[in-house]
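Residue numbers (my numbering): 90 to 402. Backbone N, C-alpha and C fix where the C-beta goes; we use that ideal spot for every residue, glycine too. Data first, discussion second: the structure below is written as structure tokens.
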């Protein structure tokens with residue numbers, strides 16, 4: 090194949106400077122023509138990846154990355170995310186502990202997977218809990234309208250210090266709003282006990298959108314300027330678990346820009362979820378239900394109240 094010949098002829102230059110803290114011996118993954126190379130050696134053409142574009146792991150990439158403690162994915166800005174996701178999934182399957190990605194600029198390291206507990210029953214009796222915490226999904230999507238980002242928070246009860254999914258409210262030990270909150274949050278909790286609560290809310294800036302719509306692919310200057318401020322406004326610095334899920338054909342530079350915004354805001358960079366399946370209805374309306382940290386804390390307290398059952402009249 091032509092791309093194999095180009096690789097053999099030395100057309101291997103990367104487009105970004107290496108991360109300053111990249112460990113010695115880290116794998117260097119690049120794209121040339123129609124395939125991935127590791128340390129300049131062709132590994133897999135994209136035609137092979139197209140056979141199963143949904144699976145996050147490619148066996149050729151996994152084999153090429155095994156035994157490495159770190160890897161740097163130096164990718165073209167316009168590379169489709171579902172291909173890049175193969176790199177991250179394969180690196181994880183190969184036991185690579187540190188992964189950086191760049192797209193024509195500074196590299197950013199993928200964050201660790203957030204700890205989420207899973208308990209489906211309470212055979213040993215009610216489970217003690219200490220409030221709720223939002224698990225945030227930040228999605229990047231695109232259509233003919235442009236590229237945009239959405240964020241939702243789903244509230245989970247905190248058991249043994251970890252947000253825990255799967256537990257029905259009947260498994261949670263008795264608790265009171267006064268025991269978990271005070272002031273305005275206690276009032277919000279009591280409102281939740283009266284049924285004024287949601288298990289999931291959408292997050293945005295003061296104008297109702299998380300980020301401005303990018304109509305021209307690659308023109309991400311507004312995101313670079315706005316997103317660190319929006320993340321701080323929403324209180325993400327409190328350590329809420331966050332997963333970043335780009336749509337399959339979103340460009341790599343959009344994903345890297347969002348990851349870098351977390352680093353610029355001194356917030357832990359999120360882990361990367363599976364690519365979203367394409368098929369949205371176009372850019373969303375700017376009607377986020379929660380637009381700052383106080384609003385998010387209020388919504389969480391309301392949901393906690395709903396888990397306690399209705400107030401006694």
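Measuring CA to CA, which of the options is closest to residue i?
i           : options            : result
residue 340 : 190, 267, 354      : 190
residue 396 : 306, 326, 359, 258 : 258
residue 195 : 330, 211, 110, 378 : 110
residue 348 : 229, 386, 371      : 229
residue 269 : 221, 305, 106, 284 : 221
residue 154 : 178, 213, 293      : 178
residue 374 : 142, 200, 169, 237 : 237
residue 233 : 203, 126, 280, 304 : 304
residue 296 : 225, 309, 315, 276 : 315
residue 172 : 278, 370, 150      : 150
Residues in the same chain with beta-carbon distance under 6 Å from residue i, minus the five sequence neighbours each way, listed in chain order, please.
i           : result
residue 328 : none
residue 98  : With a pLDDT of only 41 at residue 98, under 50, the local geometry of the prediction cannot be trusted, and no value is derived from it.
residue 298 : 375
residue 104 : 193
residue 83  : The structure shown does not extend to residue 83, since the chain is modelled only from 90 to 402, so the question has no answer here.
Considering only residues of the same chain and omitting the five flanking positions on each side of residue i, which have a CB-CB separation below 7 Å?
i           : result
residue 255 : 207, 208, 209
residue 95  : Confidence at residue 95 is low in this model, with a pLDDT of 40, below 50, so its placement is unreliable and the value that follows should be read with caution. Correct list, in chain order: 121, 122.
residue 231 : 336, 338, 339
With a threshold of 8 Å between beta carbons, is residue i in contact with chain D?
i           : result
residue 138 : This model lacks chain D altogether; it includes just one protein chain.
Starting from residue i, trace the alpha helix (DSSP H) both ways and give me its first and last residue.
i           : result
residue 111 : Unbroken run through residue 111: none, as it is neither H nor E.
residue 154 : 148-154
Does DSSP classify residue i as helix, strand or coil?
i           : result
residue 119 : strand
residue 321 : helix
residue 99  : Note that residue 99 scores 38 on pLDDT, short of 50, meaning its location in the model is unreliable; the coordinates nonetheless yield the value given after this. Here residue 99 sits in coil by DSSP.
residue 232 : strand
residue 265 : coil
residue 94  : Its pLDDT being 36, under 50, residue 94 is placed unreliably by the model, and nothing is read from it.
residue 284 : coil
residue 342 : helix
residue 139 : coil
residue 254 : strand
residue 328 : coil
residue 361 : strand
residue 124 : strand
residue 296 : coil
Tell me which residue opens and which closes the beta strand (DSSP E) that residue i is part of.
i           : result
residue 161 : 159-163
residue 334 : 331-335
residue 130 : 130-134
residue 380 : Neither: residue 380 is in no beta strand (DSSP E) and is coded neither H nor E.
Apart from the five residues just before and just after residue i, which ones in its own chain have a Cβ nearer than 8 Å to its Cβ?
i           : result
residue 285 : 391
residue 274 : 386, 387, 390
query = What are the start and end residues of each continuous beta strand (DSSP E) run of 3 or more residues lying completely inside the stretch 171-220, in chain order?
reply = Runs of the beta strand (DSSP E) inside the stretch 171-220: 187-191.
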